[in-house]
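K.L.:
Sharing a structure below in structure tokens format, with a few things to ask.
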């Protein structure tokens, strides 16, 4: 069982992905049942595993490829954090996507790649070795491309191209780093930090930089973030997936793995690469926010917001201290919940009211109160208003910054908060305070669209309010740090 | 004396070769090439390699020459026979000279190696034939020879692939315009029986003295070609099944015999000494038939019945 | 797994109750009549403040571990806050237009209330911050409730400063929490004195709380927001919400900080300047708002004065909150007055409260001022005394404007509204008497001493004299918002739009041209004479490399 | 009877039968021979895996007199690769090369040529005799040229002619080297050659043979014949030509440098080879980017992909052969051979299906075809994944092994070339992908059956699975490897 | 200098001549002729090498005969190609090697 469960969890996305490809377009019922069923099954398996891992169990499954290439699935606490996030949000996004697409064309392809994308994310989360991580990282890159290009119009294809244009060189850098490292140390397992003694410090720094470039593309670190806003051409469920569940998360998760499990926080500090990374993350946080301010389209604004928010996670990892680490880890979950809420809502506005631009939001709060409430909760969470999810992350990041001797982080957080407020509050202001346009229309009589948003919005409130309890993401992050992530 | 003869022969060979390469006029080059081939055959005799000399004369000079001449004829008919001017002479000459110099250098540093002489001597009694060259060809290195016969077949199929779609059902080669009763026709009536005899003898003799399936097959092919040119026989169509069987019978017998050897004697292409001689003969005969047909068809070329539009 | 809650459940109930009531509008059937919950929402807090037993409550699973405990100063303010919110809730329940917007207001009213109560009960940094954020940000909806142009504009200023304040606070609190390695407010306060970044943290906190408390020059939102909010909204804003900043400073300002002097200076400036600037206003609520800034200046002065003054500041705030709440409500009462008698009665009541605020002897205001002056430096004492004159002046001006401005809106039950305001006013007058012994070390008869009475009386008389002058020759009218009108920030959020550059297309085109050019050597290579020559060259090169000469 | 003999004899007999029998029966015979050879290949694989190297002493005559054949792990893996590609191509060709599609001529010629090509490939993969390799190569070249010429158009004929010239020149250079080798050592057997004392002329012999084989393998800058030839042939033929044919001559280079004359391999020469490989990777990719026709892109991609193979020489060749990283590098290159064969065959067959559907392979005419032929687009995409070297494909395993070894050997620059090559592959393969995925389609495509679409999908899938289950092939290819280091890095 | 050396050097020279012809000639038939020259030159060299030592070695002879047949096969196909290509193109040179310099014709580019 200990070997089977991770594989089983992986299969709950992989098998439906493959089966879905071969389903005819018309068999909506079968496809939906398959996707929802497997999502529920996966969540159930993960919950079972959560309980066991909290009790100290370890799950491991290995498939040796060529020498040095071991496909290792190993479930540790940090893996579970990510995988439970992605599984939960996958279920919600699936419900949302089914409602969003209705009976549009090419659904088998869409859901096939959708599941594949989640399978990749799951594998990435459960990866126990660097090379497995890379494997699923690439699988993610590729399975995302058809999703971004799904609409197959000019903008989508351009966006998809831009995505690959960034992602593939990133992968090359990552592979380069992995191979450079492993050619000296042998295969790197996350449980067992490699001995870097055989590599001179400057090479270590170069490897670290390559790693960061590699995962940084997905994490949308400035200046590697260009693809993310462009990818907004994709349908809303894809945006939700990209921003909250899979892609950027994978990048951020990668940063955490690199800093803590490949190099080790101590080495990162000794090499003096933590501070530059933190500075880069800070730059990203600020730049993303500034760019977000300049956007008139809701989804574009949200996209730049993601650029900014995901770097919180990177910042947490880069500061290489326990508090910062908790902040980063917990933001992995929190950002996911909040951002997916926002994208769900943006999709609802688009789908039910035809609203894409910010100035269309005027007065929508009255007509679409549930959606708008969820949107507001998400937005306020992003700003970091207590007791919403974003606040908890920010709090720990701030503590971590001071602890790591980098009080300037506070300034970054403060500036980011102000900027977040500056680009989100006008939206709320329009939603709730301004009178609707004359010809306004739209409603929210689509429970399958609204319900996921409500759940995630409630989630982003709940994880904040119940942050101190052991079962919260924060509690889990604490556990991770306690169990050995503290440097 | 013999050195002087060799020197003179080689000088002649080189001179003719130079004329072939550098001389103006395509037709003249081809004629020089045929002469060159015959001279080289003489060279092979001087080197004591009668089998090679026969092969060179029949195949290297004869058939190749005919092929080239025929091609020249067709090109002229198409109006594209004009010889193109030469390209980058100096660099080409440098490249050629460098290669020649390298080989020449190699000659002088070549050690005299240990040869498979003893093994050969030990194996000859079990080879089934007296002529060591034939033994090597059809027994010791039968795999080479089998592949070689297949190469011929591949070339023929390749050549047929060059047929225009509308000519596919036509007869092989150019349409014939020979006049019955002409010189060629009467020559063609006399030659075949003689040629047939020579060819069969070459195959038969190949086992003990010089000759062999390829040389014999070439003669037989030549006979067929002359007969065709004389209008005695009409070239077959590509679709003629029987001829297809003729094309493949040699290699097929060869492969099947090899497989039989594998089953009977344990190794592919094994010819057990007691039946080696008849087996080799059977293979040779079948091979000769196929080679003759293949070579003849190669020279005839793909069907070209229709006129170019 | 530890218990969900340890200690008394009351403090928690005090906070949760309004939140639960605030959800009432979610039920569509209840939405329209939802304002009726407003006066009920603060009741547990009122009860708790009056009868509650001291003691800590812990909810370890909530947020980052919630700890609640009413500190002495906090208890006074908690009661005051509950009283003000009750009265304002009553007023709101009777006056709010019944619409879906009222539903929204009810929700956020309750949220604000919970936050406002929370800041007085919080014993840990995070809970405090959560409560503070709730009171600050939810109050936005109180400000903009009317959705008029000026309300929205004031709302913008309000939210901007509120968010900025939150940010500053978070940074300050983080430094403190990290230095203390604890979330306990007491521990954080302790450590702020010694932490390497303590000075910065205190500065951040002063600025953050100062915004809320109307510290000059961070007060600019206040005179903008109060006039535009609905009357009960203004009442709680001015009476209770600004006190959240005060309690913040009381809780976190470490002993012996240099910032005390700064606070005193700025407080003093605010106390006088705001009162005088208020004379340029015509809207009675704007005048009252400036009065609040002025009064808060006094309280900040007390906070800045340090030891012992903290309790005095809370005591002062107790009176001021209820009195100012009552005054704002009376503005609404005045509007509801339909007969001259009602109008006169309203004005009399307002006058009484105003005199109390000004510190007329024997009023509640006189008591708290007397208590405040105790222990202050002589200069400061004089300043406080003198401020009575300016307070009298501005409140007299307020009464004048209230009497002059008549926009009666019939249909309101004047008596019911007036009763609410009157009760609050009464509480403001009497509470200092009742609480005197608990809130100050001074003897019970101290307020009745002649010197004290004199000190309280003369500024009021002087102020009245000045008021007579001012009413005859009013100051020029200026828009509210003083500093902001001088330099209104041009908030251009939309920079020129640029498309997201997917691919540097110019570069791409250049690359394509290069590619096409690369086909030329490829075509040259395709010539056999070139490729064959290269092949021979390759043979020779390899041979040179491979042959041992 | 030996599995090795079966994989050699069956395609030969099939080809002969296809020549002799009437058209319909001929095709059936060819398909039967294909099936039987595939079965024999599996038999051979099992035999090699169970019992190690499978050898045949032809006619019972030991070298140096006779010819020895041996299927080591490498040879058997290559034979398996041929079987996979041939099997797929045969299935695809049933429709693509039907008489009513390509005419009676091509329909007749394709099958025997395909089987002859197969026989030649298998013969080269197992031969241990330099001259026999020459004959095998000639058979291969002639069959390949004929397959190009099957196209029949002027461009195809010119391409075939060009191919012929390069092939002939290459053969002659190789033959010159063989002549020198025999003249100096009196044997042609690879194993015996390695055992004999070095002769001064060996360097020249190796240079001649290598240069000739490089021309046949289409290594930059001798690659110019390949793209027009592979693009001009009918799609099933292109699949064979691009996927398999260059691998044969490459294998001989490998056998020469690693087995026959390992002591000759000086570092400078090894670096020169790798330099050519690097040039091929970059130049081929750049050219692929500049093409407007799908088949030309795919063909230039072959040029680039073949370049990777040469990078193995300085890493695992010469003195590197004894190093711990050699096995990884060497096997990595072999993985590249295998996965490229599968992927490239899939790509050409996909291109063929598109060509059949819309009658053109210009990129502009392929717009929107992913909608009507999703399986084919998916196959193309999977194959692209392999060519880009993305995990978990066989191409990735190849690159990973080679890059790791390059680093270990201190030759990080070759790793850089590989990484760059992957990106360039993405760049040139992106255009067709994007076009296929476009929404609008200009030309209404003719229907293509699902069965036909399944073939490239299976091949492309196999190229991915090669990476997913790379451990068994890795182990397998170590069978009989000289200097086999037990553990890779 | 022995007779064998004469033949070997002649063979080497023929290879050189042949390569010169192969490179310099544009006419495809000439290239085919040059190819045959190289082949027979190589065989001559091989024959001379095989004739060294005691008695002629039959192995090279057999190999040479095989080589001659293989060369003939290649020649036949090449000649056929020259003819059909010339028929299709109107000239017996490859498109990238025109007699008059002109823009290279390519089948791939846009």
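Residue numbers (our numbering), protein chains in the order written: chain A, 5 to 491; chain B, 784 to 1092; chain C, 3 to 551; chain D, 138 to 626; chain E, -12 to 97.
Beta carbons are placed, not taken as given, at the ideal position from N, Cα and C, and that holds for glycine.
Of all the options 278(A), 162(A), 126(A), which has the alpha carbon lying nearest to the alpha carbon of residue 213(A)?
P.N.:
One-based indexing of the first chain puts residue 213(A) at position 209. Selected option, being the one with the closest Cα: 278(A).
K.L.:
Per DSSP, what are the beta-bridge partners of residue 68(C) in this structure?
P.N.:
Within the third chain, the letter at position 66 stands for residue 68(C). In the DSSP output, where bridge partners are listed per residue, residue 68(C) has 61(C).
K.L.:
For residue 101(A), tell me which candidate among 92(A), 91(A), 114(A), 90(A) has the shortest Cα-Cα distance.
P.N.:
Against the first chain, residue 101(A) aligns to sequence position 97. Minimum Cα distance to residue 101(A) is reached at 114(A).
K.L.:
At 4 residues or longer, what runs of the alpha helix (DSSP H) sit wholly inside the region 143 to 224 of chain D?
P.N.:
Listed in chain order, the complete alpha helix (DSSP H) runs (minimum 4 residues) inside the region 143 to 224 of chain D are 160 to 188.
K.L.:
Can the beta-carbon of residue 342(A) be found closer than 8 angstroms to that of residue 404(A)?
P.N.:
Numbered from 1 along the first chain, position 338 holds the residue referred to as residue 342(A). Numbered from 1 along the first chain, position 400 holds the residue referred to as residue 404(A). In this structure, residue 404(A) does not lie closer than 8 angstroms to residue 342(A) by Cβ.
K.L.:
Could you check which residue in 248(D), 263(D), 240(D), 235(D) has the C-alpha nearest to that of residue 193(D)?
P.N.:
Here residue 193(D) refers to the residue found at position 56 of the fourth chain. Taking only the C-alpha atoms, the option nearest residue 193(D) is 263(D).
K.L.:
Should residue 391(A) and residue 132(C) be called a contact, given that it needs their Cβ atoms to be closer than 8 angstroms?
P.N.:
Counting from one through the first chain, the residue named residue 391(A) turns up at place 387. Counting from one through the third chain, the residue named residue 132(C) turns up at place 130. Closer than 8 angstroms, so yes.
K.L.:
Can you find the residues in the same chain that come closer than 7 angstroms, C-beta to C-beta, to residue 170(C), ignoring five residues on each side of it along the sequence?
P.N.:
Within the third chain, numbered from 1, the residue matching residue 170(C) stands at position 168. If we look at residue 170(C) and ignore the five residues flanking it on each side, its Cβ neighbours are 206, 209, 210.
K.L.:
Ignore the nearest five residues each way along the sequence and tell me which others in residue 493(C)'s own chain have a CB closer than 6 angstroms to its CB.
P.N.:
Indexing the third chain from 1 puts residue 493(C) at position 491. Caution applies to residue 493(C), whose pLDDT of 38 falls short of 50 and renders its modelled position unreliable; the model cannot decide the point.
K.L.:
Who are the neighbours of residue 268(D) on chain B, taking C-beta pairs under 7 angstroms?
P.N.:
For the purposes of this step, residue 268(D) is identified with residue 131 of the fourth chain, where counting begins at 1. Correct list: 927.
K.L.:
Is any beta-carbon of chain B found at less than 8 angstroms from that of residue 22(E)?
P.N.:
As a working mapping, residue 22(E) is identified with position 35 in the fifth chain. Chain B, which has no Cβ nearer than 8 angstroms to the Cβ of residue 22(E), makes this no.
K.L.:
What residues in its chain sit with their C-beta under 6 angstroms from that of residue 953(B), if we drop five residues either side in the sequence?
P.N.:
Within the second chain, the letter at position 170 stands for residue 953(B). So the qualifying residues of the chain are 1086, 1088.
K.L.:
For residue 400(C) versus residue 286(C), is the C-beta spacing smaller than 8 angstroms?
P.N.:
For this step, residue 400(C) is matched to residue 398 along the third chain. For this step, residue 286(C) is matched to residue 284 along the third chain. Taking 8 angstroms as the Cβ cut-off, residue 400(C) and residue 286(C) qualify as a contacting pair.
K.L.:
Buried or exposed: where does residue 26(A) fall if 16 or more other Cβ atoms within 10 Å of its Cβ makes it buried?
P.N.:
As a working mapping, residue 26(A) is identified with position 22 in the first chain. Exposed.
K.L.:
Please list, in chain order, the residues of the region 574 to 607 of chain D that have any C-beta partner in chain A closer than 8 angstroms.
P.N.:
Listed in sequence order: 574, 575, 576, 604, 605, 606, 607.
K.L.:
Going by C-alpha to C-alpha distance, which of 418(D), 216(D), 538(D) sits closest to residue 558(D)?
P.N.:
Counting from 1 along the fourth chain, the entry for residue 558(D) is found at position 421. Of the listed residues, the one whose Cα sits closest to residue 558(D) is 418(D).
K.L.:
For a quick check, are the C-beta atoms of residue 427(A) and residue 297(A) less than 8 angstroms apart?
P.N.:
Here residue 427(A) refers to the residue found at position 423 when the first chain is read from its first residue. Here residue 297(A) refers to the residue found at position 293 when the first chain is read from its first residue. Yes. Within cutoff.
K.L.:
Measure the Cβ-Cβ separation of residue 520(D) and residue 600(D) and say whether it is below 8 angstroms.
P.N.:
Working through the fourth chain from its first residue, we reach residue 520(D) at position 383. Working through the fourth chain from its first residue, we reach residue 600(D) at position 463. Yes.
K.L.:
Is the shortest distance between the beta-carbon of residue 827(B) and the beta-carbons of chain E less than 8 angstroms?
P.N.:
Position 44 of the second chain, counted from the first residue, corresponds to residue 827(B). So, interface residue.
K.L.:
For the structure I just gave you, are there three or more beta carbon pairs, one from the region 163 to 179 of chain D and one from the region 217 to 229 of chain D, closer than 8 angstroms?
P.N.:
Cβ pair count under 8 angstroms is three or more, so yes.
K.L.:
Taking the C-alpha atoms as reference points, what is the distance between residue 1(C) and residue 84(C)?
P.N.:
The structure shown does not extend to residue 1(C), since chain C is modelled only from 3 through 551, so no value can be given for it.
K.L.:
Would you call the region 357 to 373 of chain C and the region 434 to 443 of chain C in contact, with 3 or more CB pairs under 8 angstroms?
P.N.:
Enough Cβ pairs lie closer than 8 angstroms, so yes.
K.L.:
Tell me which same chain residues have a C-beta within less than 7 angstroms of the C-beta of residue 208(A), skipping the five on either side of it?
P.N.:
As a first step, residue 208(A) must be located in the first chain, where it is residue number 204. Cβ neighbours of residue 208(A) beyond the five flanking positions: 200, 275.
K.L.:
Would you give the residue range spanned by the alpha helix (DSSP H) that residue 151(C) belongs to?
P.N.:
Position 149 of the third chain, counted from the first residue, corresponds to residue 151(C). Where residue 151(C) is concerned, the enclosing alpha helix (DSSP H) stretches over 151 to 182.
K.L.:
Alpha carbon to alpha carbon, how far is residue 312(A) from residue 220(A)?
P.N.:
Here residue 312(A) refers to the residue found at position 308 when the first chain is read from its first residue. Here residue 220(A) refers to the residue found at position 216 when the first chain is read from its first residue. Going by the C-alpha atoms only, they are around 13 angstroms apart.
K.L.:
Which residues of the region 1011 to 1032 of chain B have a Cβ closer than 7 angstroms to any Cβ of chain D? Give them in chain order.
P.N.:
Within the region 1011 to 1032 of chain B, the residues whose Cβ lies closer than 7 angstroms to some Cβ of chain D are 1024, 1027, 1028, 1030, 1031, listed in chain order.
K.L.:
Would you mind listing the alpha helix (DSSP H) stretches within the region 297 to 355 of chain A that are 4+ residues and don't spill past its ends, in chain order?
P.N.:
For the region 297 to 355 of chain A, whole alpha helix (DSSP H) runs of length 4 or above, ordered along the chain, are 302 to 323.
K.L.:
Nearest CA to the CA of residue 30(C): which residue from 6(C), 159(C), 102(C), 51(C)?
P.N.:
Here residue 30(C) is taken as the residue at index 28 of the third chain, counted from 1. Residue 102(C) is the option with its Cα nearest to residue 30(C).
K.L.:
Using only the alpha-carbon positions, how far apart do residue 576(D) and residue 1025(B) sit?
P.N.:
Against the fourth chain, residue 576(D) aligns to sequence position 439. Against the second chain, residue 1025(B) aligns to sequence position 242. Their Cα atoms are separated by approximately 55 angstroms.
K.L.:
Just checking: is the beta-carbon of residue 540(C) within a distance shorter than 8 angstroms of some beta-carbon in chain B?
P.N.:
Along the third chain, read from residue 1 onward, the residue named residue 540(C) stands at position 538. It does not; no Cβ of chain B falls within 8 angstroms.
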